[in-house]
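Novice: Structure provided below as structure tokens; questions to follow.
Protein chains: 2
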Amino acid sequence: MKKYFDILHACPLFRDIAPQEVAKTLECLNARISSFDKGEAVLSEGAPASHVGIVMTGRLQIEQTDFFGNRSMIANLIPGELFGESFACAGIKEVPVTVRAAEHAEVMLIDCLKLVRSCSDACPFHQQMILNLLQIVAAKNLIFQQKIEVTSKRTTREKLMTYLMLQARQQGRLEFEIPYDRQELADYLEVERSGLSAEIGKLRRQGMIEAEHRRFKLCNFVNHRERSSGCFGGL
Amino acid sequence: MKKYFDILHACPLFRDIAPQEVAKTLECLNARISSFDKGEAVLSEGAPASHVGIVMTGRLQIEQTDFFGNRSMIANLIPGELFGESFACAGIKEVPVTVRAAEHAEVMLIDCLKLVRSCSDACPFHQQMILNLLQIVAAKNLIFQQKIEVTSKRTTREKLMTYLMLQARQQGRLEFEIPYDRQELADYLEVERSGLSAEIGKLRRQGMIEAEHRRFKLCNFVNHRERSSGCFGGL
DNA sequence: CACTCCTTGTTGAAATTTCAACATACAAAA
DNA sequence: TTTTGTATGTTGAAATTTCAACAAGGAGTG
Numbered sequence: 002m003k004k005y006f007d008i009l010h011a012c013p014l015f016r017d018i019a020p021q022e023v024a025k026t027l028e029c030l031n032a033r034i035s036s037f038d039k040g041e042a043v044l045s046e047g048a049p050a051s052h053v054g055i056v057m058t059g060r061l062q063i064e065q066t067d068f069f070g071n072r073s074m075i076a077n078l079i080p081g082e083l084f085g086e087s088f089a090c091a092g093i094k095e096v097p098v099t100v101r102a103a104e105h106a107e108v109m110l111i112d113c114l115k116l117v118r119s120c121s122d123a124c125p126f127h128q129q130m131i132l133n134l135l136q137i138v139a140a141k142n143l144i145f146q147q148k149i150e151v152t153s154k155r156t157t158r159e160k161l162m163t164y165l166m167l168q169a170r171q172q173g174r175l176e177f178e179i180p181y182d183r184q185e186l187a188d189y190l191e192v193e194r195s196g197l198s199a200e201i202g203k204l205r206r207q208g209m210i211e212a213e214h215r216r217f218k219l220c221n222f223v224n225h226r227e228r229s230s231g232c233f234g235g236l
Numbered sequence: 002m003k004k005y006f007d008i009l010h011a012c013p014l015f016r017d018i019a020p021q022e023v024a025k026t027l028e029c030l031n032a033r034i035s036s037f038d039k040g041e042a043v044l045s046e047g048a049p050a051s052h053v054g055i056v057m058t059g060r061l062q063i064e065q066t067d068f069f070g071n072r073s074m075i076a077n078l079i080p081g082e083l084f085g086e087s088f089a090c091a092g093i094k095e096v097p098v099t100v101r102a103a104e105h106a107e108v109m110l111i112d113c114l115k116l117v118r119s120c121s122d123a124c125p126f127h128q129q130m131i132l133n134l135l136q137i138v139a140a141k142n143l144i145f146q147q148k149i150e151v152t153s154k155r156t157t158r159e160k161l162m163t164y165l166m167l168q169a170r171q172q173g174r175l176e177f178e179i180p181y182d183r184q185e186l187a188d189y190l191e192v193e194r195s196g197l198s199a200e201i202g203k204l205r206r207q208g209m210i211e212a213e214h215r216r217f218k219l220c221n222f223v224n225h226r227e228r229s230s231g232c233f234g235g236l
């Protein structure tokens, strides 16, 4: 039981809610924990999008099936992670994905309507959770926006450079580590791993970057600024 | 003055707030309207991300400048549209973009902190606006997710088919109209217009779709289901 | 050490996309 | 009517990506 509270406490949905108040909050929200066997659907495509879920133990996968019947994996969820919040908050009727237990898993489900409508005694945790939810969804938004900015570039080289520059900006240094290995980076950039390796090699040979494993360093990367300054109206 | 209220009333941020209460809400939020000349920056890159903006008149553009100094246009905002909400709600310090008036424009700016912290007399509009904001941000999330699903496909053909199938699903029919002309569709799919036209022609000749202007019809598209059923564990 | 597994880099051919250019159709304007 | 402009389709060459296959270098294991 303790371990549940540890996970909740680390979960951004419960940020700034005092540990001793979590239990009360859960009661107020009528949160319940359900168990799922490996392969079992936690949420099936077409089911009402009414709940926010939190992985407590085990591992879940979000899948989507296209018109051809091809199933593709969208995300992999580990304990502490949230799912379904965008669907529930956006007010759509049915979830367009299936969430499945990749191994035996326990999941906490919270009715989003309950969360969103203030309870009768207007408890303050409630309000805090709504703000947390807003923060979480907005942050995810920025992550998506950034991914789109990167992957909208047409060539592997441009995608890679855009990604590296964003990382440098975010980490505030020209030398930094990325959270992906080569295959994962290729997946993120939506390009072929071999082509990515080739492009990294090319940039390295041109002296624009240093790269080994997850550590990158940008060299002759930054001094090209202002190239297009004064180009107003052209956009 | 009346026209401002018309725009606000149509703005999703003020959904379910009675027209006669809007003025009071604005006062409570200390909302103010500012004017900007053409080319002037409404929000400059690096400025604190504290406000949500609503375009009242004119037109704004969201720009981003990369490390090379290349400026690229991210969005085009017309009256009634919101901007800055993801940055403000996600709690990041500085906006990573510049919002600029593309023509003379009036903008309403609302301090997100004021919006998010309940006011002293806990007015109910307040709460409704937070929920509206949550709904808006979550809906944008789904739009991004969908765009990523489409553009993550590797070929023009796959991108196009994925997009058309999603449209068909959303509109609930196999014959439907899309909101883009060819150039705009190519931009959305992140492909070349000429290549897109070629691919549409190919699909048409193969009898899989009918297409003229913005009207599409999917024909031998749907019966390929279940091809990969039973492929568990392979994902 | 030998062996396996895994990550990364490399390579060349095939497939695909981009790019530039032009053809056609249609609508609006003169 | 002619003219102009815009949207769309088409084409071929150049550039790029994908694909399949293999090589090299660790890390871990027996």
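Chains A and B supply the protein sequences, listed in that same order. Positions 2 to 236 (my numbering) are the ones given, in order, by the first sequence. Positions 2 to 236 (my numbering) are the ones given, in order, by the second sequence. For each residue, glycine too, the CB sits at the ideal point set by N, CA and C.
(1) Output the distance between the C-alpha atoms of I63 of chain B and V108 of chain A, rounded to the nearest integer angstrom.
(2) Just to confirm my understanding: we take V53 of chain A, look at its own chain, exclude 5 residues before and 5 after, and list those with CB closer than 6 Å. What are they?
(3) What did DSSP end up calling G196 of chain A once you bin it into helix, strand or coil?
(4) Looking at I93 of chain B and L135 of chain A, is the spacing between their C-beta atoms short of 9 Å?
(5) With distances taken from CA atoms, which of B:T157, B:P49, B:V192, B:Q65 is nearest Q147 of chain A?
(6) Quick one: grab the DSSP three-state call for L167 of chain A.
(7) To which residues of the same chain is L150 of chain A closer than 8 Å at the C-beta, ignoring the five residues directly before and after it?
(8) Tell me which same chain residues have a C-beta within less than 7 Å of the C-beta of A11 of chain B, skipping the five on either side of it?
(9) If you compare alpha carbons, which of B:E213, B:V43, B:A48, B:Q128 is closest to M57 of chain B?
(10) According to DSSP, is G231 of chain A part of a helix, a strand, or is it coil?
(11) Since I131 of chain A meets chain B, which of its residues come closer than 9 Å, beta carbon to beta carbon?
(12) According to DSSP, is S73 of chain A helix, strand or coil?
(13) Could you compute how far the alpha carbon of T157 of chain B sits from the alpha carbon of D188 of chain B?
(14) With DSSP as the reference, label E213 of chain B as helix, strand or coil.
(15) Considering T156 of chain A, what are the terminal residues of the alpha helix (DSSP H) in which it resides?
(16) Using DSSP with H/G/I as helix, E/B as strand and the rest coil, what is A103 of chain A?
(17) Here's the rule: buried if 16 or more other CB atoms are within 10 angstroms of the residue's CB, otherwise exposed. What is R174 of chain A?
(18) For F177 of chain A, write down the residues that DSSP places opposite it in a beta bridge.
(19) Could you tell me the distance, in whole angstroms, from the CA atom of E213 of chain B to the CA atom of R205 of chain B?
(20) Determine, using beta carbons only, whether D7 of chain A comes closer than 9 Å to chain B.
(21) For the ligand MN, is there a heavy atom less than 8 Å away from the beta-carbon of E150 of chain B?
(22) Could you pull the start and end residues of the alpha helix (DSSP H) that E22 of chain A belongs to?
(23) Alpha carbon to alpha carbon, how far is T26 of chain B from A106 of chain A? Give it in angstroms, no decimals.
(24) Using 9 Å as the limit for Cβ to Cβ distance, is M166 of chain B near chain A?
(25) Below 7 Å on C-beta distance, what does D17 of chain A contact in chain B?
(26) Verify whether the separation of the beta carbon atoms of P20 of chain A and I137 of chain A is less than 9 Å.
(27) Going by alpha carbons, who is nearest to S45 of chain A out of A:D67, A:I8, A:V96?
(28) Give the C-beta separation of R215 of chain B and S198 of chain B to the nearest angstrom, bearing in mind that I take them to be a contact with Cβ-Cβ under 8 Å.
(29) When DSSP labels each residue in this structure, what does S87 of chain B get in the three-state scheme?
(30) Below 9 Å between beta carbons: does that hold for R60 of chain B and A91 of chain B?
(31) What are the boundary residues of the beta strand (DSSP E) that E64 of chain A is part of?
(32) With distances taken between CB atoms, is the gap from E191 of chain B to T152 of chain A smaller than 9 Å?
(33) Considering only their Cβ atoms, is the gap separating E176 of chain A from E211 of chain A smaller than 9 Å?
(34) Let's see if you can read the secondary structure: which residues bound the beta strand (DSSP E) around A1 of chain A?
(35) At the level of alpha carbons, what is the spacing between L132 of chain B and F222 of chain A?
(36) Just the Cα atoms here: how many angstroms apart are C220 of chain B and S73 of chain A?
Specialist: To lay it out plainly:
(1) 40 Å
(2) G85, E86, A89, I111, C113
(3) helix
(4) no
(5) B:Q65
(6) helix
(7) The question names Leu, but residue 150 of chain A in the sequence shown is Glu. Same-chain partners within the cutoff: T163, L167.
(8) G81
(9) B:V43
(10) Because the pLDDT at G231 of chain A is just 32, under 50, the model does not fix this residue reliably, and the point stays unresolved.
(11) Q128, I131, L132, L135
(12) strand
(13) 12 Å
(14) strand
(15) Element bounds for T156 of chain A: n/a, residue is neither H nor E.
(16) coil
(17) exposed
(18) A:F217
(19) 10 Å
(20) no
(21) With respect to the ligand MN, the structure shown offers nothing to examine, as it has no ligands at all.
(22) 20-30
(23) 45 Å
(24) yes
(25) Chain B residues near D17 of chain A: none, gap ~12 Å exceeds 7 Å.
(26) no
(27) A:V96
(28) Wrong, their Cβ atoms sit about 14 Å apart, outside the cutoff.
(29) helix
(30) no
(31) 61-66
(32) yes
(33) yes
(34) Lying before the first or after the last residue shown, residue 1 of chain A is absent from chain A, which here runs from 2 to 236.
(35) 43 Å
(36) 23 Å
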